[in-house]
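From first to last, the protein sequence lines are chains A and B. Counted the way my numbering counts, the first sequence spans residues 1 to 81. Counted the way my numbering counts, the second sequence spans residues 1 to 384.
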Amino acid sequence: APLSEEDAPSEITTGAFAYLSKYGYIRNDNPQASTIRRLEDYHSAIRNFQQFYRLPETGQMDEETSRLMSYPRCGMPDVIQ
Amino acid sequence: RRYSDSGDKWDHEDITYRILNFTPDLTEEEIVDAIERAFKVWSDVTPLTFRRVFNVPGDIHIQFSEYDHGDGVAFDGNGGTLAHAYFPGNGIGGDAHFDDSEIFSVFLSDDDKVDLFMVAAHEFGHSLGLGHSSEIQALMAPFYIAYDPEFSLGYDDLHGIQSIYGINSDPRPGDRYIPQRPQPSPPDPEVERCSKSFNAVAFIRNELFLFKGKNFWRMREQGKPLEGYPVEMGQFWHGLPPKIDAAYERHDGKIVFLKGSHYWIYEGVDMDPNYPRPLHEFGLPADVDGALPWGRTGKTYFFKGEIYWRYDEYENRMDKGYPKPIKENWFGVPNNIDAVFRHYDGYSWNTYFIRHRRYWRFDESLGQVDLGFPRNFGVDWMGC
Numbered sequence: 001a002p003l004s005e006e007d008a009p010s011e012i013t014t015g016a017f018a019y020l021s022k023y024g025y026i027r028n029d030n031p032q033a034s035t036i037r038r039l040e041d042y043h044s045a046i047r048n049f050q051q052f053y054r055l056p057e058t059g060q061m062d063e064e065t066s067r068l069m070s071y072p073r074c075g076m077p078d079v080i081q
Numbered sequence: 001r002r003y004s005d006s007g008d009k010w011d012h013e014d015i016t017y018r019i020l021n022f023t024p025d026l027t028e029e030e031i032v033d034a035i036e037r038a039f040k041v042w043s044d045v046t047p048l049t050f051r052r053v054f055n056v057p058g059d060i061h062i063q064f065s066e067y068d069h070g071d072g073v074a075f076d077g078n079g080g081t082l083a084h085a086y087f088p089g090n091g092i093g094g095d096a097h098f099d100d101s102e103i104f105s106v107f108l109s110d111d112d113k114v115d116l117f118m119v120a121a122h123e124f125g126h127s128l129g130l131g132h133s134s135e136i137q138a139l140m141a142p143f144y145i146a147y148d149p150e151f152s153l154g155y156d157d158l159h160g161i162q163s164i165y166g167i168n169s170d171p172r173p174g175d176r177y178i179p180q181r182p183q184p185s186p187p188d189p190e191v192e193r194c195s196k197s198f199n200a201v202a203f204i205r206n207e208l209f210l211f212k213g214k215n216f217w218r219m220r221e222q223g224k225p226l227e228g229y230p231v232e233m234g235q236f237w238h239g240l241p242p243k244i245d246a247a248y249e250r251h252d253g254k255i256v257f258l259k260g261s262h263y264w265i266y267e268g269v270d271m272d273p274n275y276p277r278p279l280h281e282f283g284l285p286a287d288v289d290g291a292l293p294w295g296r297t298g299k300t301y302f303f304k305g306e307i308y309w310r311y312d313e314y315e316n317r318m319d320k321g322y323p324k325p326i327k328e329n330w331f332g333v334p335n336n337i338d339a340v341f342r343h344y345d346g347y348s349w350n351t352y353f354i355r356h357r358r359y360w361r362f363d364e365s366l367g368q369v370d371l372g373f374p375r376n377f378g379v380d381w382m383g384c
């Protein structure tokens, strides 16, 4: 289940988490995972997205990464589970 | 190698496809042509052939839908996700779904429109078994690539699809896919009749006047524009600029034209003295999308973006409590319309809203858009 506002660590934006989850960068195999775990998942998912598109792999939701995420796109996942 | 493949492929080379419905943004011919061109991108470089079937199941089913459309992966309105498709297989396998909240176009690269050929060529890559490529320039990269008249398949896509199906064993020389873009020609108003939206539409002296650029068409009966049109607006209304925003016949028979922050009033084809005048005299913002006189009530509705006003022509002032959100009282009418008009079809009055090439019929008694809308305006009204 996508993160709701109250239980997302402050730095996780639910939109980005939902995006990374929808397009296969987060294996949301354990929705009950601890917040720490989710934070780790979140940063490694951002890093995976950045690696996929050869952006600097900061693991942070920086401007270049969020701009690429804002582009209109195909609804199919990038990472085929 | 930046492509990815799903591991699924068709076990036959003569692939069939079926178009289940059509977007109202384009004519059926334009849609069929864009889909054929999109399949040709892949048939040119593989042994695959694509054949359209009707009323029988095909391998690939193509549909235009909005939001939740029954496959558990809802679309998200205009922007964001444009389409999705399923890897080869039975049932939904291979099917391609296009988000009909988008505004689809052909041979255009306008920012607010989505080229159907480019999106379909990408989605059919999935229908054949390709995943997304991380080569950002590749057709199979997930991000939308605007229409490119010089488009041809890149190395990564070519390598990807041929690693699944092999090469096209009898390529005719120079057979690489190049979209057959129509030869650039001066905008032919006759072509504009079908291919573009209108700036304004007004019901004047029991005839419909449709304005586009510097031209206008006249129509007495739906679907039958008068012969000899379009004609330049300047030949009728001297001093009126092209590309107006709105027009309407006022309760006293005068014709009001609005463009940008000004408006003009004409008695027939003669401009009243001291015009143009500033639009803020109506109490309106910088410009409007459409104007709608409400019968002989002397009320005129003005639409802009997501809101609308009601103006009292007798009192020469805006009614209290406006502007209001369009969605509050015009159920089913979209925001950011291009034109709005009322039309008497001999039986009843209806209000019509146009945006790009779609139109909505608003039932005045029910206060909502009729079922089955939007539809394609050119096909239903302009004889396209």
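Even for Gly, the Cβ is constructed at its ideal location relative to N, Cα and C. Note that this is a predicted model, so its numbers are computed, not measured.
At a cut-off of 8 Å between beta-carbon atoms, residue 52 of chain A makes contact with chain B. Inter-residue distance for residue 213 of chain B and residue 69 of chain A is about 36 Å (C-alpha atoms, whole angstroms).
Residue 114 of chain B sits away from residue 86 of chain B, with the two beta carbons spaced by 8 Å or more. The continuous alpha helix (DSSP H) containing residue 65 of chain A extends over residues 63-69. Annotation for residue 277 of chain B: 262 and 263 place their beta carbon closer than 7 Å to its own, counting only its chain and skipping 5 residues before and after.
Distance from the CA atom of residue 285 of chain B to the CA atom of residue 6 of chain B, rounded to whole angstroms, is 53 Å.
Cβ neighbours of residue 223 of chain B within its own chain (closer than 7 Å, five residues either side excluded): 380, 381 and 383. Contact annotation for residue 85 of chain B against chain A: 76 [CB-CB distance below 7 Å, chain order]. Residue 57 of chain A is not a Cβ neighbour of residue 67 of chain A, given a cutoff of 8 Å. In the DSSP annotation of this structure, the continuous segment of the beta strand (DSSP E) that includes residue 290 of chain B starts and ends at 290-293.
In this structure, the straight-line span from the alpha carbon of residue 152 of chain B to that of residue 66 of chain B is close to 30 Å. In the three-state DSSP reduction, residue 46 of chain A falls in the helix class (H, G or I). For residue 204 of chain B, the CB contacts under 7 Å within the same chain, skipping 5 residues up- and downstream, are 249 and 255 in chain order. The C-alpha of residue 119 of chain B is placed about 11 Å away from the C-alpha of residue 102 of chain B.
At a cut-off of 8 Å between beta carbons, residue 39 of chain B makes no contact with chain A.
Out of B:353, B:265, B:331 and B:88, the CA that lies nearest to the CA of residue 237 of chain B is found in B:265. A Cβ-Cβ separation of about 16 Å leaves residue 167 of chain B out of contact with residue 125 of chain B under the 8 Å criterion.
The beta-carbon of residue 80 of chain B is placed less than 8 Å from the nearest beta-carbon of chain A. For residue 300 of chain B, DSSP records a beta bridge to B:293 and B:311.
Between residue 302 of chain B and the set B:326, B:12 and B:314, the nearest pair of CA atoms involves B:326. Put simply, the CB of residue 142 of chain B is near chain A, with a gap under 8 Å to one of its CB atoms. Within the same chain, 59, 60, 86, 88 and 127 come within 7 Å of residue 94 of chain B by CB-CB distance, once the 5 residues on both sides are set aside. Of all residues in the stretch 147-159 of chain B, none places a beta-carbon less than 9 Å from a beta-carbon of chain A. Between residue 73 of chain B and chain A, the shortest Cβ-Cβ separation is below 8 Å.
Judged by DSSP secondary structure, residue 259 of chain B falls within the beta strand (DSSP E) whose first and last residues are 255-259. Residue 49 of chain B is bridged by DSSP to B:14. In this chain, the alpha helix (DSSP H) harbouring residue 119 of chain B covers 116-127.
DSSP places residue 349 of chain B inside the beta strand (DSSP E), whose first and last residues are 349-355. In this structure, B:257 is the residue among B:282, B:280, B:257 and B:366 with its C-alpha nearest to the C-alpha of residue 270 of chain B. Contact of residue 80 of chain A with chain B by beta-carbon distance below 7 Å involves 4, 6 and 131.
Against residue 71 of chain A, the close residues of chain B are 142, 143 and 144, in the order they occur along the chain (beta-carbon pairs closer than 9 Å). Residue state for residue 280 of chain B is assigned as helix, using DSSP reduced to three classes. Residue 156 of chain B: member of the alpha helix (DSSP H) spanning 155-165, first to last residue.
Here residue 228 of chain B is exposed. Its C-beta has fewer than 16 other C-beta atoms within 10 Å. Burial check for residue 41 of chain B: the Cβ neighbour count within 10 Å reaches 16 or more, so the residue is buried. In the three-state reduction of the DSSP assignment, residue 263 of chain B falls in the strand class.
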